[in-house]
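Structure record follows, encoded as structure tokens.
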Amino acid sequence: MTIKDEFKKMLNAPILLAPNTILHFYNGGKLRAEFAGEPDPKDDYRSEEWMFSTNRAVTPSRENPPDKGFSRIQLPNGQIVLLKEMLEAFPKETLGEAHYKKYGATLGILVKIFDVGDNAHIPVHWHPSPQFASKNLNSPYGKNEAWIIVGTRPGAMAWIGWKRDISKEEFRKWMDAQDVETMRKHMHEVRPKVGDVIFLRDSFVHSLGAGLCVLEPQEPTDWNILAEWEDFPYGKDDGTLGLDWDTALDAANFSEMTLDYLNNYVKRTPEIVRKENGSFEEKLLPDEAKPYFWLSRYKVASKMSVPGGQSFYCVVTTEGNGVMRGKFGEVPIQRGKSLFTPAGMDGYELVNTGSGKLEVVFNYPPKM
-17 MTIKDEFKKM LNAPILLAPN TILHFYNGGK LRAEFAGEPD PKDDYRSEEW
33 MFSTNRAVTP SRENPPDKGF SRIQLPNGQI VLLKEMLEAF PKETLGEAHY
83 KKYGATLGIL VKIFDVGDNA HIPVHWHPSP QFASKNLNSP YGKNEAWIIV
133 GTRPGAMAWI GWKRDISKEE FRKWMDAQDV ETMRKHMHEV RPKVGDVIFL
183 RDSFVHSLGA GLCVLEPQEP TDWNILAEWE DFPYGKDDGT LGLDWDTALD
233 AANFSEMTLD YLNNYVKRTP EIVRKENGSF EEKLLPDEAK PYFWLSRYKV
283 ASKMSVPGGQ SFYCVVTTEG NGVMRGKFGE VPIQRGKSLF TPAGMDGYEL
333 VNTGSGKLEV VFNYPPKM
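Residue numbers (the working numbering): -17 to 350.
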């Protein structure tokens, strides 16, 4: 039996995504490993997992093989292969004709989990917009992203946006001096808790401190412009995406982020869009996110229907245990596991089989 025959047998049911952790330059991984149900969780620099990805990951100071970052799946015969091989073999069946026509045999979205360990942090940085990336990086994608908090440690915090307008010259002075304390002093301090949702538009300067474990759906790039390099395994000119600093700084937003925008737009209040037998579906993002990606969260008391005929998506269970029950039979789901649901699949039910709550996040590609 050929590998294409193996793929064909998998097209009409959810497909479990195999573990795909990445050794990164910042320490972490304990909460990520706990979330995934791995034995002996610890901070060992395996701080990220790219579970839904047709993007290559490139990490400073680490080995970066050509297939690093690409999602894996397990075939019925037990073989582990790249999800991209299946997409290329059956693009219309897996991705849908409209998505394939526009984006090719790629997901058009990247979903990962990262965990910032004790005494570690993610440097002050920002992401380019699609417009900036098109002009300067030969890419149609920027990096708009969302954070769904799936774990925290004591004192977990992040810094997002400026409390007042900052001049580029002012920031350049802080950056050249590596005065991170002053940068953070002028940014909003945020202390997320498990279940919180944050929508971070491109260009906003931010940083994450120790203790945050985050499910992060985003545009399918790893574009990061890094304004910190002291005590990291890269230099000043290694974090600019190959651009000069004057151009890289043009990708950042140095205007004030008002508290109203931070508290009522960046920090999301989920909106219930459907109720069924004590269960409900939440809309997590504003409509402006639809050109980049889209998120729904199901909170299932006993069971809840999921409509068929949708685009493909990635299912990540953030709490509890259950099954996806449909014409394909029953597929188990549990906290920390992710599945790929091919385009156009028939409707099914989410069934809570545990004693506690079942929460499942659906990560969709850009709305067509």
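Glycine included, C-beta positions come from ideal geometry on N, C-alpha and C.
When rounded, the separation of the alpha-carbon atoms in residue 225 and residue 42 is 17 Å. Only residues of its own chain outside the window of five on either side were considered, and among them 124, 184, 185 have a CB closer than 6 Å to the CB of residue 111, listed in chain order. Beta-bridge pairing by DSSP links residue 178 to no other residue.
Rounded to whole angstroms, the separation of the alpha carbons of residue 164 and residue -11 is 53 Å. Beta-bridge partners of residue 280 (DSSP): 263, 342. Here the alpha carbons of residue 230 and residue 305 stand approximately 46 Å from one another. Between the region 257 to 269 and the region 319 to 328, the count of Cβ pairs shorter than 8 Å is below three; the stretches do not touch.
Membership of residue 128 in the beta strand (DSSP E) is indicated by the continuous run 127 to 134. Nearest to residue 200 by C-alpha distance, out of 126, 214, 99, 148, is 126. Shortest Cα-Cα distance from residue 176 to any of 192, 170, 196 involves 196.
In the three-state reduction of the DSSP assignment, residue 246 falls in the helix class, which pools H, G and I.
Contact annotation: residue 248 and residue 340 have beta-carbon atoms that are not nearer than 8 Å. Residue environment for residue 345: buried (at least 16 other C-beta atoms within 10 angstroms of its C-beta). In this structure, DSSP gives residue 269 a helical state, which the three-state scheme calls helix.
Here residue 25 has 9, 10, 11, 12, 99 as same chain residues with Cβ atoms under 6 Å from its own Cβ, once five neighbours each way along the sequence are excluded.
In the DSSP assignment, residue 203 is bridged to no other residue. In this structure, the beta-carbon distance from residue 17 to residue 35 does not fall below 8 Å.
Under DSSP, residue 188 forms a beta bridge with 107, 142. A straight-line Cα-Cα distance of about 38 Å links residue 158 and residue 277. As computed with DSSP, residue 303 is found in a beta bridge with 316.
In the three-state scheme derived from DSSP, where H, G and I count as helix and E and B as strand, residue 67 is classed as helix. In the structure shown, residue 3 adopts extended strand secondary structure according to DSSP, grouped into three states. The closest CA to that of residue 291, considering only 329, 281, 313, is found on 329.
Residue 37 and residue 272 have their C-alpha atoms some 20 Å from each other. For residue 171, the uninterrupted beta strand (DSSP E) run begins and ends at 169 to 172, by DSSP.
The region 235 to 242 and the region 137 to 146 touch, with three or more beta-carbon pairs separated by less than 8 Å. It is roughly 14 Å from the alpha-carbon of residue 77 to the alpha-carbon of residue -8. The DSSP-derived three-state label of residue 85 is helix. Taken in chain order, the complete alpha helix (DSSP H) segments of 4 or more residues contained in the region 10 to 50 are 12 to 18.
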